[in-house]
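Numbering (the numbering used here) for the sequence shown: 498 to 934.
Here the structure comes first, spelled out in structure tokens, and everything after it is commentary.
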Amino acid sequence: MTQQHDQNHTLFERARRVIPGGVNSPVRAFKAVGGTPRFIKRAQGAYFWDANDQRYIDYIGSWGPMILGHGHPAVVEAVQKAVLDGFSFGAPTEREVELAEAILQQVPSMDMVRLVSSGTEAAMSAIRLARGATGRNKLIKFEGCYHGHADALLVKAGSGLATFGNPTSAGVPPEVVQHTLVLAYNHIAQLEEAFALHGKDIACLMIEPIAGNMNFVRASVPFMKRCRELCTEHGALLVFDEVMTGFRVALGGAQSVYARALPGFEPDMTVLGKVIGGGMPLAAFGAKRAVMEHLAPLGSVYQAGTLSGNPVATACGLATLQQISQPGFYDELARKTRQLVAGLQAAADAQGLPFCGDSEGGMFGFFLMPELPQNYPQVMTTNGARFNQLFHGLLDRGVYIAPALYEAGFVSAAHSDADIEQTIGAATEVFRLLGSA
Ligand SMILES: *Cc1c(COP(=O)(O)O)cnc(C)c1O
Numbered sequence: 498m499t500q501q502h503d504q505n506h507t508l509f510e511r512a513r514r515v516i517p518g519g520v521n522s523p524v525r526a527f528k529a530v531g532g533t534p535r536f537i538k539r540a541q542g543a544y545f546w547d548a549n550d551q552r553y554i555d556y557i558g559s560w561g562p563m564i565l566g567h568g569h570p571a572v573v574e575a576v577q578k579a580v581l582d583g584f585s586f587g588a589p590t591e592r593e594v595e596l597a598e599a600i601l602q603q604v605p606s607m608d609m610v611r612l613v614s615s616g617t618e619a620a621m622s623a624i625r626l627a628r629g630a631t632g633r634n635k636l637i638k639f640e641g642c643y644h645g646h647a648d649a650l651l652v653k654a655g656s657g658l659a660t661f662g663n664p665t666s667a668g669v670p671p672e673v674v675q676h677t678l679v680l681a682y683n684h685i686a687q688l689e690e691a692f693a694l695h696g697k698d699i700a701c702l703m704i705e706p707i708a709g710n711m712n713f714v715r716a717s718v719p720f721m722k723r724c725r726e727l728c729t730e731h732g733a734l735l736v737f738d739e740v741m742t743g744f745r746v747a748l749g750g751a752q753s754v755y756a757r758a759l760p761g762f763e764p765d766m767t768v769l770g771k772v773i774g775g776g777m778p779l780a781a782f783g784a785k786r787a788v789m790e791h792l793a794p795l796g797s798v799y800q801a802g803t804l805s806g807n808p809v810a811t812a813c814g815l816a817t818l819q820q821i822s823q824p825g826f827y828d829e830l831a832r833k834t835r836q837l838v839a840g841l842q843a844a845a846d847a848q849g850l851p852f853c854g855d856s857e858g859g860m861f862g863f864f865l866m867p868e869l870p871q872n873y874p875q876v877m878t879t880n881g882a883r884f885n886q887l888f889h890g891l892l893d894r895g896v897y898i899a900p901a902l903y904e905a906g907f908v909s910a911a912h913s914d915a916d917i918e919q920t921i922g923a924a925t926e927v928f929r930l931l932g933s934a
């Protein structure tokens, strides 16, 4: 297609004049993989269509929320009904209570939740609450984990464990990240050393239990066990950022996956987003009652939001939770996701290309390397040029995966076995080209 006929190109040109980089969230710009971002016109089930009416099998699902696929009839109906009752009131509604109850029913580590509008807001508020509840300032995060773009979390490791972080973004004063300690994921010795040095000052340890912002990397069970033990020992709160994994890897989130290996395991606080809004702006953070009662209006930790618990967003989230709570939902989702990863593995193996993959529930990752990485530096050793060829090869064949190698992928309930087979077929063709290159 000539550029002149490419509506994506035309829209991108227009967008770049009025929106920085033409996008409202950086990864959408295709900067890592090159080429023109697809402007999406509409979506249904497992597919979306771009501005040229080109169809793609969607493995992003809005970066996780669309676990039912796009336009699920029960969700659409609930949203349509809610819209007729009003968009926003700035006063409490029954639906917020219902959604809070529905969330708490599936995630027993929490007694109470506060609803907000984005994962960033939820993670930022969880940290303020952890600091307020413990009376401490310092926090631990891990390299490669993303918790939204609050100032204190845009940080990379300092030069040693005694020195705290450095900002990763301009506009973040060093003073704002001076209490954030950045550690290597899955590194037990470093974790122990950090607690030995700073234990009494640490308010919380925040972690993506299955990291989805460095592709797909699981915290090992021994590492997670040590995180739990050290937090308990030192009076720090263990905060699970399950914005991506919550209601995605299992109905009870990643914490239920770790509880299988570590009986009785629970985090102290949980941050949710993505799936709980079903594609609408909605997120939450929750904990046991004693911690949550530090929040305003009960306690002295301030937190608020004009659109928090929005009646349309809560209707969308509730309808989504109703669907995914049906018996067998996650078994079927996990089966299809495993089928996809196994098919890609076989296709790569047939060409002798290094490849490995992993999945949990409806979330997956794969790497163009022989063994699963355990931390961020290992993820970054993946062959970027080859990934970009794979990305564009799939895109040309109507398969849309994340336009960056450090992102996870998502399968929805709407993906059929035929969609998975078609995807594996497309990958087989691309791997054949890469193998002969
Ligand atoms: C997406 C994500 C966030 C940020 O959520 P937004 O709604 O984009 O602000 C935070 N933490 C994790 C683990 C995420 O995947």
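Cβ coordinates follow ideal geometry from the N, Cα and C atoms, glycine included.
**Study point:** Three or more C-beta pairs below 8 angstroms linking the segment 592 to 612 and the segment 645 to 661
**Key:** Too few Cβ pairs lie closer than 8 angstroms, so no.
Review point. In terms of alpha-carbon separation, which member of Pro-719, Ser-856 and Gly-749 lies closest to Phe-713?
Key: Scanning Pro-719, Ser-856 and Gly-749 for the CA closest to the CA of Phe-713 turns up Ser-856.
**Study point:** C-alpha gap between Gly-749 and Thr-507, whole angstroms
**Key:** Computed Cα separation, rounded: 44 angstroms.
Check your understanding: Pro-900 to Leu-795, Cα distance in whole Å?
Key -> The alpha-carbon atoms of Pro-900 and Leu-795 are separated by roughly 44 angstroms.
Exercise for review: Work out the CA separation of Arg-832 and Ala-691 for me, nearest whole Å.
Suggested key: So the alpha carbons of these two residues sit roughly 39 angstroms apart.
Point to revise | Residue from Ala-599, Ile-704, Ser-805 and Val-876 whose Cα sits closest to the Cα of Cys-728 | key: Ranked by Cα distance from Cys-728, the options Ala-599, Ile-704, Ser-805 and Val-876 are led by Ile-704.
Practice item. Specify the secondary structure class of Asn-663 as computed by DSSP and reduced to three states. Key: Strand.
Practice item. Just the C-alpha distance for Gly-854 and Gln-886, rounded to the nearest angstrom, thanks. Key: Cα-Cα distance, rounded: 18 angstroms.
Review point. Rounded to whole angstroms, how far is the Cβ of Pro-618 from the Cβ of Ala-780, which I believe are closer than 8 angstroms?
Key: According to the sequence provided, residue 618 is Glu. The question's Pro does not apply to it. Between Ala-780 and Glu-618 the Cβ distance is about 6 angstroms, and since that is below 8 angstroms, they are a contact.
Exercise for review: Compute the Euclidean distance between the alpha carbons of Ser-913 and Thr-834, then round it to the nearest angstrom.
Suggested key: In a straight line, the C-alpha of Ser-913 is about 11 angstroms away from that of Thr-834.
Check your understanding: Straight-line CA distance for Val-679 to Ala-843?
Key -> Rounded to the nearest angstrom, the two C-alpha atoms are 37 angstroms apart.
Check your understanding: With a Cβ-Cβ cutoff of 8 angstroms, do Ala-733 and Ile-699 count as a contact?
Key -> Yes.
Practice item. Write down the C-beta distance between Phe-861 and Ala-905 rounded to the nearest angstrom, noting that I regard them as a contact closer than 8 angstroms. Key: The Cβ separation is near 7 angstroms, so the contact holds.
Check your understanding: Taking the C-alpha atoms as reference points, what is the distance between Leu-841 and Met-866?
Key -> Each residue's Cα considered, the two are about 13 angstroms apart.
Practice item. To the nearest angstrom, report how far apart His-791 and Asp-893 are at their CA atoms. Key: Spanning the two alpha carbons is a distance of roughly 52 angstroms.
Check your understanding: What residues does ligand 1 have around it, judged by CB closer than 5 angstroms to any heavy atom, in chain order?
Key -> Those satisfying the condition are, in chain order, Ser-615, Gly-616, Thr-617, His-644, Gly-645, Glu-705, Asp-738, Val-740, Met-741 and Gly-770.
Point to revise | Rounded distance between the beta-carbons of Gly-568 and Ala-540, thought under 8 angstroms | key: With 8 angstroms as the limit, Ala-540 and Gly-568 qualify as a contact, their Cβ atoms being about 7 angstroms apart.
Point to revise | Chain-order list of residues whose beta-carbon lies under 6 angstroms from that of Leu-759 (same chain, five-residue window excluded) | key: Answer for Leu-759: Lys-722, listed in chain order.
Point to revise | CB contact flag (Gly-519, Ala-529, <8 angstroms) | key: Taking 8 angstroms as the Cβ cut-off, Gly-519 and Ala-529 do not qualify as a contacting pair.
Practice item. Could you name the residues of the same chain whose beta carbon sits closer than 6 angstroms to that of Lys-578, not counting the 5 residues immediately before and after it, in chain order? Key: There are no such residues.
Check your understanding: Rounded to a whole number of angstroms, what is the C-alpha to C-alpha distance between Gly-776 and Pro-562?
Key -> Gly-776 and Pro-562: Cα-Cα distance of roughly 5 angstroms.
Exercise for review: Identify whether Phe-692 lies in helix, strand or coil by the three-state DSSP scheme.
Suggested key: Note: Phe-692 maps to helix in three-state DSSP.
Exercise for review: Would you list, in sequence order, the uninterrupted alpha helix (DSSP H) runs of no fewer than 4 residues that lie entirely inside the segment 698 to 777?
Suggested key: Restricted to the segment 698 to 777, the alpha helix (DSSP H) segments that are unbroken, complete and at least 4 residues in length are 718 to 731 and 750 to 758, listed in chain order.
Practice item. Would you check if the distance between the CB atom of Met-607 and the CB atom of Ala-784 is smaller than 8 angstroms? Key: Against a cut-off of 8 angstroms, the Cβ pair of Ala-784 and Met-607 comes out as a contact.
Exercise for review: Spatial neighbours of Leu-930 within its chain, please: CB distance less than 7 angstroms, with the 5 preceding and 5 following residues excluded, ordered by chain position.
Suggested key: Around Leu-930: Gly-890.
Check your understanding: Taking DSSP as the reference, what is the three-state secondary structure of Asp-914?
Key -> In this structure, Asp-914 counts as helix in the three-state DSSP scheme.
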